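Chemist: Structure provided below as structure tokens; questions to follow.
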Amino acid sequence: AQKVTQAQTEISVVEKEDVTLDCVYETRDTTYYLFWYKQPPSGELVFLIRRNSFDEQNEISGRYSWNFQKSTSSFNFTITASQVVDSAVYFCALSRNAGGTSYGKLTFGQGTILTVHP
Amino acid sequence: EADIYQTPRYLVIGTGKKITLECSQTMGHDKMYWYQQDPGMELHLIHYSYGVNSTEKGDLSSESTVSRIRTEHFPLTLESARPSHTSQYLCASSEYGPLHFGNGTRLTVT
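Protein chains in written order, with the working numbering: chain B, 1 to 118; chain Y, 1 to 110.
Set out below in structure tokens:
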């Protein structure tokens with residue numbers, strides 16, 4: 001069985017602070033995908049990043065960065081110099097890497113509500 | 001960029017009514033999915049489809065049913081709505097890339 005845990009239910013920061021969202025996962029698969037999605041108040045989930053379990057390189061995209069550590073089964077997400085527009089619910093998710101529809105069959109974490117105050 | 005549309009955006013309905021939540025996508029994706037998001041925020045897969053005339057149940061048991069008669073259309077039906085069905089329902093589609101989600105339907109059953 002797969003499981004994703006986001007231990008932080010809510011985080012509140014002041015604009016320009018850095019913030020890290022934690023994600024820990026469990027899977028028996030040797031290959032898998034990890035994702036981060038953002039859910040703004042409008043409701044849709046917006047894709048942020050996908051990481052293949054073979055690729056442990058960290059990634060930076062603008063103010064966003066991701067730290068994937070297979071040894072600790074963690075895939076943490078950092079926002080540098082947070083902005084009010086970053087306020088949203090952030091979900092970490094896991095899927096099997098077994099081809100076909102497994103790619104879209106995601107196991108989500110519980111989500112972290114991020115509030116950035118001006 | 002996938003375009004995926006869900007209607008209605010909000011629905012309040014009484015117990016026992018039959019409802020259909022609509023989901024359409026314009027990108028020709030074969031794979032489509034329904035996720036249920038409970039008030040505690042967690043999302044669970046309830047249905048998915050490989051393509052036309054293909055439907056499967058997801059990880060979370062659901063009393064809803066789906067159909068896939070056309071590639072672009074993946075409606076979800078509840079034959080008799082109950083308060084326990086109150087939730088947000090999110091539709092998604094993909095080919096081999098990340099899922100693209102619609103805005104969701106927030107269903108309240110009174």
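By construction, the Cβ of each residue, glycine as well, lies at the ideal position given by its N, Cα and C atoms. It should be emphasised that the depicted structure is a prediction, and the values quoted were computed from it without experimental measurement.
1. Determine the closest residue to E79 of chain Y out of Y:S64, Y:T86, Y:H29, with distance taken between C-alpha atoms.
2. Whole angstroms is fine: what's the gap from L45 of chain Y's alpha carbon to Y33 of chain Y's?
3. Express the C-alpha separation of T80 of chain B and R63 of chain B in angstroms, rounding to a whole number.
4. By a C-beta neighbour count over all protein chains shown, 10 Å radius and 16 as the cutoff for buried, is Y90 of chain B buried or exposed?
5. Does DSSP classify V52 of chain Y as helix, strand or coil?
6. Please list the partners that S168 of chain Y has in chain B, where partner means a Cβ-to-Cβ separation under 8 Å.
7. What separation, rounded to the nearest whole angstrom, lies between the Cα atoms of V4 of chain B and T71 of chain Y?
8. Report the residue ranges of all alpha helix (DSSP H) runs contained in full by the stretch 41 to 108 of chain B; include only those spanning at least 4 residues, in chain order.
9. Can you tell which of B:G104, B:Q2, B:N97, B:L114 has the C-alpha that lies nearest to the C-alpha of N52 of chain B?
10. So, for E22 of chain Y: in the same chain, excluding its five sequence neighbours on each side, which residues have a beta-carbon less than 6 Å away from its beta-carbon?
11. Whose CA, out of Y:K31, Y:I4, Y:Q37, Y:D3, lies closest to the CA of T86 of chain Y?
12. Out of curiosity, what's the CA-to-CA distance linking G104 of chain Y and R9 of chain Y?
13. Run through DSSP, which three-state label would H29 of chain Y get?
14. Decide if D55 of chain B is buried, meaning its Cβ has at least 16 other Cβ atoms within 10 Å, or exposed.
Modeler: Looking at the coordinates:
1. Y:S64
2. 7 Å
3. 5 Å
4. buried
5. Secondary structure at V52 of chain Y: coil, using DSSP grouped into helix, strand and coil.
6. Since the displayed chain Y opens at 1 and closes at 110, residue 168 of chain Y lies outside it and no answer follows.
7. 31 Å
8. Complete alpha helix (DSSP H) runs here, min 4: none at all.
9. B:N97
10. Result list for E22 of chain Y: T7, P75, in chain order.
11. Y:Q37
12. 6 Å
13. coil
14. exposed
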